[in-house]
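Add 694 to a position in the sequence shown, counting from 1, and you land on the number used in the numbering used here. We put the CB at the ideal spot given by N, CA and C, even for glycine.
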Amino acid sequence: MLDLSQLAQAVRSENGVSRRLFLSYGAALAALPNLATQSRAADRKIRFTDNPFALGVASGDPDATSVVLWTRLAPKPMQPDYGMTPETVAVTWELADDEQFKKVVQSGTANATPELGHSVHVEVSRLAPNRWYFYRFRAGDVTSPIGRTRTLPAADSMPESLRFAFASCQHYETGLYTAYEQMAQDNLDLVFHLGDYIYEYAGADKRVRKHTGPAKTKILSLEDYRGRHAQYRSDPLLHGMHAQCPWFVTWDDHEFDNNYANDISEKKGVDPVAFLKQRAFAYQAYYEAMPLRARSLPKGPDMQLYRKASFGRLAELLVLDTRQYRTDQPNGDGAKPLNEAALNPKNSLLGMKQRGWLQDSLLASKGTWNVLAQQVMMGMVALRPAEGDALYSMDQWPGAAHERMALVQFMADRKIANPVVLTGDIHSNWVNDLHVDDRKPETPVVATEFVGTSISSGGNGPKVPKLLDVLMSRNPTVKFHDQQRGYVRCIVTPKNWQSDYVIVEDVTKPGGKVVTAKSFVVEAGQAGAKSA
695 MLDLSQLAQA VRSENGVSRR LFLSYGAALA ALPNLATQSR AADRKIRFTD NPFALGVASG
755 DPDATSVVLW TRLAPKPMQP DYGMTPETVA VTWELADDEQ FKKVVQSGTA NATPELGHSV
815 HVEVSRLAPN RWYFYRFRAG DVTSPIGRTR TLPAADSMPE SLRFAFASCQ HYETGLYTAY
875 EQMAQDNLDL VFHLGDYIYE YAGADKRVRK HTGPAKTKIL SLEDYRGRHA QYRSDPLLHG
935 MHAQCPWFVT WDDHEFDNNY ANDISEKKGV DPVAFLKQRA FAYQAYYEAM PLRARSLPKG
995 PDMQLYRKAS FGRLAELLVL DTRQYRTDQP NGDGAKPLNE AALNPKNSLL GMKQRGWLQD
1055 SLLASKGTWN VLAQQVMMGM VALRPAEGDA LYSMDQWPGA AHERMALVQF MADRKIANPV
1115 VLTGDIHSNW VNDLHVDDRK PETPVVATEF VGTSISSGGN GPKVPKLLDV LMSRNPTVKF
1175 HDQQRGYVRC IVTPKNWQSD YVIVEDVTKP GGKVVTAKSF VVEAGQAGAK SA
């Protein structure tokens, strides 16, 4: 049962659940499973008629001496019970220096419990820094595909380079995952996924493919969310890319509910207790589906995702959560003027605790590059391209404009080395030079923001966006904009950062042509992006 001492701590947390909801909140969540329970595996020898590793394998959250290995048993991913009975299954794992597993470094057994959707999260420690490894699982008489993972360089080392990609927004119904087919050939060290890993919508007809689950409503229950994750992860291109290298993941809104803000739904009149119970289901299913450490194990509707890692002294990697702790969008959300409500100092995307952690982390960083991997666009981009008042997205950082400008001012005042912001969400590509106030482009550039388009969400985007020239003339801080699908590949050295905008020309059918549309470079010590 849910530990009410944990619940009490949650309601006391900044931007948390209001105290008046404490009793009803506790009662509503009391039936949720204790996710920390360690169940004993069944004694009988289990046999599978279908491949229990249909969702593949993955690794994530590496540091210099450890990494998380993940899998989830689901021999029938599209069935309500995923082909599993409600019993604990022993899963063995191996980590080796070589793909043939002649030099096994470590091995062990983990329990895949029904309480955690038969997922497995193994934190392997005491590894050598800056090393590639291979891993696999075995359940019953079936062996999983082989995954490849790595540790990060030692904290005091200076690596020659870091190659990674970042991606977001992969609506299963509106496009294929062709981008991951190309990404798997890029020989990457890491991948960042910046949110909208799944979409919560009911299935729609006449699309590239169709969601399973409720026919007329969004997914709501734990089983709904589990099933949606299973459907997405069953895609061979997606789970194939997971097997190539470790991922750092964070969510945005569609892993739970569109445009939600902390415990507030975008829709009016939603019961807050029911909403938090739904959030608990969504967060649990997310944890089950991702290669995350035990520190991210949900406690009811609360789950810590913000965290950091060091790629030696080359790059400090800061992964943020701009959904769980934010205040409600000002001005009723949407595109609105940057008025008093949007500039209210109380507005926040980070919450006080995460903001303090971020600033402390930036001050303590020894990285040549300081990377903020996060969800929504930080550039203050005026969306009305022609005439009238400039409009800004209230769901993005302009909705917390005071906090956003204070953060950039902090980086300028404290001379944070080479800050780079990575962003998803918006289903389009952008390169933004970030000023303390982007409405004053004559002021110094402090950081660079690379915004990546969607993997598939929205279907094929237009090659030539309407009013593009007017948009960019109205926003001189914007250096590039494109609305096609794809991802961003980054190559980082002590002297330069290069971002390649990789696009897929057609995501509605297999074999879409993949090209690099544009590349941009940032020189260490010189803020601002230049065309490569």
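Buried or exposed for residue 819, going by 16 or more other Cβ atoms inside 10 Å? Residue 819 should be labelled exposed.
With distances taken Cα to Cα, identify the nearest neighbour of residue 1157 among 1176, 1194 and 1146. Among 1176, 1194 and 1146, the Cα nearest to that of residue 1157 belongs to 1176.
If you run the structure through DSSP and keep just helix, strand and coil, what is residue 942? Here residue 942 sits in strand by DSSP.
Buried or exposed: residue 855, going by 16 or more other Cβ atoms within 10 Å of its Cβ? Label assigned to residue 855: exposed.
Own chain residues within Cβ distance below 6 angstroms of residue 1131, not counting five before or after: Taking C-beta separations shorter than 6 angstroms and ignoring five residues to either side along the sequence, the partners of residue 1131 in its chain run 1099, following chain order.
Could you say which of 1006, 974, 1094 and 1180 lies nearest to residue 1045 if we only look at CA atoms? Among 1006, 974, 1094 and 1180, the Cα nearest to that of residue 1045 belongs to 1094.
Which of the three DSSP states is assigned to residue 1002 in this structure? Per DSSP, reduced to three states, the secondary structure at residue 1002 is strand.
Does the region 879 to 894 touch the region 945 to 953, meaning 3 or more C-beta pairs lie closer than 8 angstroms? The way I'd put it, the region 945 to 953 does touch the region 879 to 894; three or more beta-carbon pairs between them come closer than 8 angstroms.
Between residue 1060 and residue 1211, what straight-line distance do the alpha-carbon atoms span, to the nearest angstrom? Distance between residue 1060 and residue 1211, taken at the CA atoms: about 33 angstroms.
Three CB pairs or more closer than 8 angstroms across the region 759 to 773 and the region 923 to 938: Touching, yes.
Once DSSP output is grouped into helix, strand and coil, what is the label at residue 1167? If DSSP states are grouped into helix, strand and coil, residue 1167 belongs with the helices.
Distance, residue 1183 Cα to residue 1201 Cα: Each residue's alpha carbon lies about 18 angstroms from the other.
Return the chain-ordered list of same chain residues with a C-beta closer than 6 angstroms to the C-beta of residue 806, the five sequence neighbours on each side being excluded. The residues are 767, 783, 785, 812 and 814.
Suppose the cutoff is 8 angstroms on Cβ atoms and the five residues either side in sequence are ignored; what does the same chain contact list for residue 799 look like? These residues qualify, in order along the chain: 789, 790, 791, 821 and 827.
I need the boundaries of the alpha helix (DSSP H) containing residue 967, first residue and last residue. Start and end: 966 to 983.
Within 10 Å of its beta-carbon, does residue 911 have 16 or more other beta-carbons around it, so buried, or fewer, so exposed? Label assigned to residue 911: exposed.
For residue 993, count the other beta carbons within 10 Å of its own beta carbon; 16 or more makes it buried, fewer makes it exposed. Which is it? It counts as buried.
Excluding five sequence neighbours on each side, which residues of the same chain lie with their C-beta closer than 6 angstroms to the C-beta of residue 874? Closer than 6 angstroms at the Cβ level, and outside the excluded window around residue 874, lie 931, 932 and 935.
Which residues in the same chain have their Cβ closer than 6 angstroms to the Cβ of residue 832, if we skip the five residues on either side of it in sequence? Closer than 6 angstroms at Cβ, skipping near neighbours: 786.
Residue 1019: which of 1032, 998 and 1026 sits nearest, CA to CA? Answer by Cα proximity: 998.
Span of the beta strand (DSSP E) holding residue 887? Start and end: 884 to 887.
Should residue 1070 and residue 1106 be called a contact, given that it needs their Cβ atoms to be closer than 8 angstroms? Note that the C-beta distance between residue 1070 and residue 1106 is not below 8 angstroms.
Return the first residue and the last residue of the beta strand (DSSP E) that residue 1151 is part of. Counting along the chain, residue 1151 sits inside no beta strand (DSSP E), nor does DSSP assign it H or E at all.
Could you check the C-alpha separation between residue 726 and residue 1007 for me, to the nearest Å? For residue 726, the predicted structure reports a pLDDT of 47, less than 50, and the residue's modelled location is therefore unreliable. A value from the coordinates is still provided. Going from the Cα of residue 726 to the Cα of residue 1007 covers about 42 angstroms.
By Cβ distance below 8 angstroms, which residues in the same chain neighbour residue 1051 in space, the five residues on each side in sequence not counted? Take residue 1051, set aside five residues on each side of it, and the residues of its chain with a beta-carbon closer than 8 angstroms to its own are 1000, in chain order.
My output table needs one value for residue 807: the three-state DSSP class, helix, strand or coil. DSSP places residue 807 in coil when its eight states are reduced to three.
Looking only at its own chain, which residues have a Cβ that is under 6 angstroms from the Cβ of residue 984, when we skip the five neighbours before and after it? Taken in chain order, the residues that qualify are 943.
DSSP beta-bridge partners of residue 1175: DSSP lists 1124 as partners of residue 1175.
Close-in-space but distant-in-sequence residues of the same chain around residue 1207 (CB under 6 angstroms, 5 per side omitted): If we look at residue 1207 and ignore the five residues flanking it on each side, its Cβ neighbours are 1199.
Rounded straight-line distance, which links the Cα of residue 1084 to that of residue 1076: Approximately 5 angstroms, taken between the alpha carbons.
Applying the criterion that 16 or more other CB atoms from any shown protein chain within 10 Å of the CB defines a buried residue, is residue 972 buried or exposed? With a threshold of 16 other beta carbon atoms within 10 Å, residue 972 meets it and is buried.
Assumed close pair residue 925, residue 906 - CB separation to whole angstroms, cut-off 8 angstroms: Rounded, the Cβ-Cβ distance is 5 angstroms, consistent with contact.
On the three-state DSSP scale, how would you describe residue 860? Reduced to three states, the DSSP call for residue 860 is strand.
What is the C-beta distance between residue 1005 and residue 839, in whole angstroms, given that I count them as a contact (C-beta under 8 angstroms)? The C-beta distance from residue 1005 to residue 839 rounds to 27 angstroms, too long to fall under 8 angstroms, and the pair is not in contact.
By the DSSP assignment, the beta strand (DSSP E) with residue 826 in it spans what residues? Taken as a continuous stretch (DSSP letters only), the beta strand (DSSP E) holding residue 826 covers 826 to 833.
Considering only the alpha carbon of each residue, which of 964, 1089 and 968 lies closest to residue 1025? For the residues 964, 1089 and 968, the minimum Cα distance to residue 1025 belongs to 1089.
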